[in-house]
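This report refers to the structure that appears directly beneath it.
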Amino acid sequence: MFSRAVLNLLRTIAENDTGDGVLFISAPRGRWQMDGTSYTVNDRTFHPLTARDFIDIGDGRTDPVKVTAAGRAYLAGGTQ
């Protein structure tokens with residue numbers, strides 16, 4: 001259903017979100033880099049996950065990204 005990049009983003013956020021979310025910093029060419037790592041993703045990769053409410057991006061610029069209960073359930077195979 002989702003592209004490999006979208007699934008990888010959801011898994012990466014879920015693995016690193018311990019409750020306070022994961023901070024992404026704006027990077028060149030419409031990309032976001034996960035703070036403290038080299039993991040970089042295109043802005044558009046977030047869109048399918050926010051559309052399904054699998055992640056909460058807050059204000060979309062400075063707030064940490066959090067995986068939602070729906071996102072965790074999807075990864076666990078609870079919803080399709």
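This note's numbering puts the first residue of the sequence shown at 1, with every later residue one more than the last. Note that the Cβ used here is the ideal one computed from N, Cα and C, for glycine as well.
Does the distance from the CB of residue i to the CB of residue j come in under 9 Å?
i   : j   : result
R44 : G60 : no
D56 : G21 : yes
I need the boundaries of the alpha helix (DSSP H) containing residue i, first residue and last residue.
i   : result
A51 : H47 to A51
R4  : R4 to N16
A73 : A69 to L75
Write down the C-beta distance between residue i and residue j rounded to the nearest angstrom, noting that I regard them as a contact closer than 8 Å.
i   : j   : result
L49 : V6  : 6 Å
F24 : V65 : 6 Å
F54 : V41 : Actually they are not in contact, since the Cβ atoms of F54 and V41 sit about 14 Å apart, beyond 8 Å.
Y39 : T12 : 6 Å
G71 : L10 : 6 Å
For the beta strand (DSSP E) that contains residue i, what are its first and last residues?
i   : result
V41 : T40 to N42
R31 : R31 to M34
F24 : F24 to A27
Go ahead and label residue i buried or exposed: buried means 16 or more other beta carbons lie within 10 angstroms of its beta carbon, across all protein chains shown.
i   : result
A14 : buried
D35 : exposed
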